[in-house]
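One structure is given below, encoded as structure tokens.
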Amino acid sequence: MTDFEQTTPANSHPELSALRESVQLGLPAAIADLSRLVRIPSVSWDGFDPAHVAASADAVKGLLDDLGVFESVEIARAPIGSTDALGQPAVLATRAARNGRPTILLYAHHDVQPQGDEDDWDSAPFEPTVRGDRLYGRGASDDKAGVMSHVAAIRAFAATVGPDFDLGLAVFIEGEEEFGSRSFSNFLAENETALRADVIIVADSDNWNVTTPSLTVALRGNVAFKLKVSTLAHASHSGMYGGAVPDAMLATIRLLATLHDEAGSVAVAGLTTHEAETPDYPEQQLRDETGLLDGVSPIGSGPVLSRLWWQPAITITGIDAPTVVNASNTLIPSVTVKLSARIAPGQTASDAYAALEAHLLANAPFGAHIEITDVDPGNPFLVDTSGWAAVEAKAAMHEAWGTEPVETGIGGSIPFIADLVEVFGDAQILVTGVEDPDTRAHSPNESQHLGVFQRAILTEAVLFAKLNDRA
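With my numbering, the residue at position 110 of the sequence shown is 1369, and numbering never jumps.
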């Protein structure tokens, strides 16, 4: 086993050495437990066997039961929206705080993305495989390593200070995050008392690199919807009427082109930008991490990370139109696309949607008819880094990694955080994670760097010790 230990910073927590040793000794078991979870193909999407998600929930419940520190561990489900249908099974564990100590809620999710084409994987997606310092497999990082970072941190903390500690704990391991957290708000409502905490840790983000930790302090929001553009009541022969009658594809292409300026920056009035500093991030790093082809230029303006963290972005993620093999000489009457917009911190999703809707209606070419459906909004998120929990978390990261953490934004969205803010407005929310720039979450050959895994476990164990000392 590779030794991933770091130097010990000055002014570290007095139990750091013991916690470090406990995490080191427990790492093989943590990796074995993670591997067992990865073997369960817990894809929560419709069309996949829900028995696998149920088996994954059972496995997580068993891990939490075996810790022996919780007063209650259960599998629970909540309705989806206002329907009678239930969401995927989640795991909920609780332990009450004592002697004035705070309670910390630990969140992760045990469901995973579909594997995609297995031929694109270098090893079987649901057969965990160690190559070098990385464990490969679907969910090995996102987010079963997040689940195991919680489990292993509690295990190491309890082994160091004993199981009779004063810190309050609640653990919520969701089962459908990759499918839109459809029952999340109802789950919070039904379990509000059990989940209420002073600090919430969402272990579903990344780190600056494999040797430098990150505290995610900002997330872009999102607005996604279907956009239907129609110009004809029915299809017509392109040879007979082409040149006089606008087809829907032409109208759609021209409309979508108005969303960006010549540099590729978003050109929708009313979508705002957040002003904040960013760390140095050279264009070559962007090319290396994204696979940008030679000769293809980045889009947008300003520092690269400003474009990724603080500015809006609009992507067309899908289009319904005849395929090339099925193409005929026809003027298409309507085209439907899926539009996904990322919203800068500081703007609400509702305001962003209003700006997008107004832009599309105002710019529809040739009088094309516009229909917007299936709107899915999620608000952005900003962390108050002056709060005591953020201060303690960054100190724990420094002690565990031997490196000062970087405060980062994330270009992606975690929409359910808005639900946490709404229900638990007094709680301090910290977004952490076990990923790194080479993790490839959601993609073939997803992997977890085992050094990052160990240091994430130690970070959380040190934070538990700090909060257990906090009256």
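Every residue gets a Cβ at the ideal spot worked out from N, C-alpha and C, and that includes glycine.
Residue 1364 sits in a strand when the DSSP states are folded into three classes. In this chain, the beta strand (DSSP E) harbouring residue 1579 covers 1572-1579.
Following the DSSP letters along the chain, one finds residue 1689 inside the beta strand (DSSP E) bounded by residues 1687-1694.
Between residue 1527 and residue 1272, the alpha-carbon positions lie close to 50 angstroms from each other.
Boundaries of the alpha helix (DSSP H) around residue 1714: 1709-1727. Counting along the chain, the unbroken beta strand (DSSP E) around residue 1465 starts and ends at 1458-1465. The continuous stretches of beta strand (DSSP E) do not include residue 1344, and DSSP gives it neither H nor E.
Under the three-state reduction of DSSP, residue 1556 is assigned to coil, being neither helix nor strand. Between the region 1593-1603 and the region 1451-1462, the count of C-beta pairs closer than 8 angstroms stays below three; the two stretches do not touch. Counting only runs that start and end inside the region 1458-1530, the alpha helix (DSSP H) elements of at least 4 residues fall at 1497-1500 and 1507-1516.
For the pair residue 1616 and residue 1465, the CB atoms are not nearer than the 8 angstroms cut-off.
Between residue 1592 and residue 1496, the beta carbon gap of about 12 angstroms keeps them out of contact (Cβ cut-off 8 angstroms).
The count of Cβ pairs closer than 8 angstroms, one atom from the region 1556-1564 and one from the region 1504-1523, reaches three, so the stretches are in contact. According to DSSP, residue 1431 shares a beta bridge with 1351 and 1366. Look at residue 1698 here: in three-state DSSP terms it is coil, with no helix or strand label. For residue 1601, the enclosing beta strand (DSSP E) begins and ends at 1593-1602.
Close CB contacts of residue 1358 within its chain, under the 6 angstroms cut and outside five residues either way in sequence, are with 1425 (chain order).
Remark: fewer than three beta-carbon pairs, one from each stretch, lie closer than 8 angstroms, so the region 1706-1721 and the region 1479-1493 are not flagged as touching. According to the DSSP secondary-structure assignment, residue 1640 is paired through a beta bridge with 1478. Taking residue 1298 as reference, the option from 1396, 1389, 1380 and 1663 with the minimal CA-CA separation is 1396.
Across the structure, residue 1594 and residue 1542 are spaced so that their CA atoms are roughly 35 angstroms apart. With distances taken between CA atoms, residue 1323 lies nearest to 1352 out of 1352, 1671, 1554 and 1300. By the Cβ test, the region 1324-1331 is in contact with the region 1416-1431, since at least three Cβ pairs between them sit closer than 8 angstroms.
Around the beta carbon of residue 1645, fewer than 16 other beta carbons sit within 10 angstroms, so the residue counts as exposed. When secondary structure is reduced to three states using DSSP, residue 1607 falls in the coil class, being assigned neither helix nor strand.
By alpha-carbon distance to residue 1636, the top candidate from 1676, 1625 and 1648 is 1676. Our two residues, residue 1467 and residue 1459, have alpha carbons roughly 21 angstroms apart in a direct line.
Around the beta-carbon of residue 1664, 16 or more other beta-carbon atoms lie within 10 Å, marking it buried. As for any beta strand (DSSP E) of minimum length 3 sitting wholly inside the region 1357-1419, the runs are 1362-1368, 1388-1390 and 1393-1395, ordered along the chain. With fewer than 16 neighbouring CB atoms inside 10 Å of its own CB, residue 1538 falls in the exposed class.
Two segments are said to touch when three or more pairs of C-beta atoms, one from each, lie closer than 8 angstroms; by this definition the region 1621-1641 touches the region 1506-1516.
Taking the CA atoms as reference points, residue 1335 sits about 20 angstroms from residue 1307. Between residue 1319 and residue 1432, the beta carbon gap of about 5 angstroms places them in contact (Cβ cut-off 8 angstroms). Here the alpha carbons of residue 1457 and residue 1355 stand approximately 12 angstroms from one another. In the three-state reduction of the DSSP assignment, residue 1628 falls in the strand class, which pools E and B. Distance check between residue 1631 and each of 1489, 1726 and 1666 places 1489 closest, using alpha-carbon atoms only.
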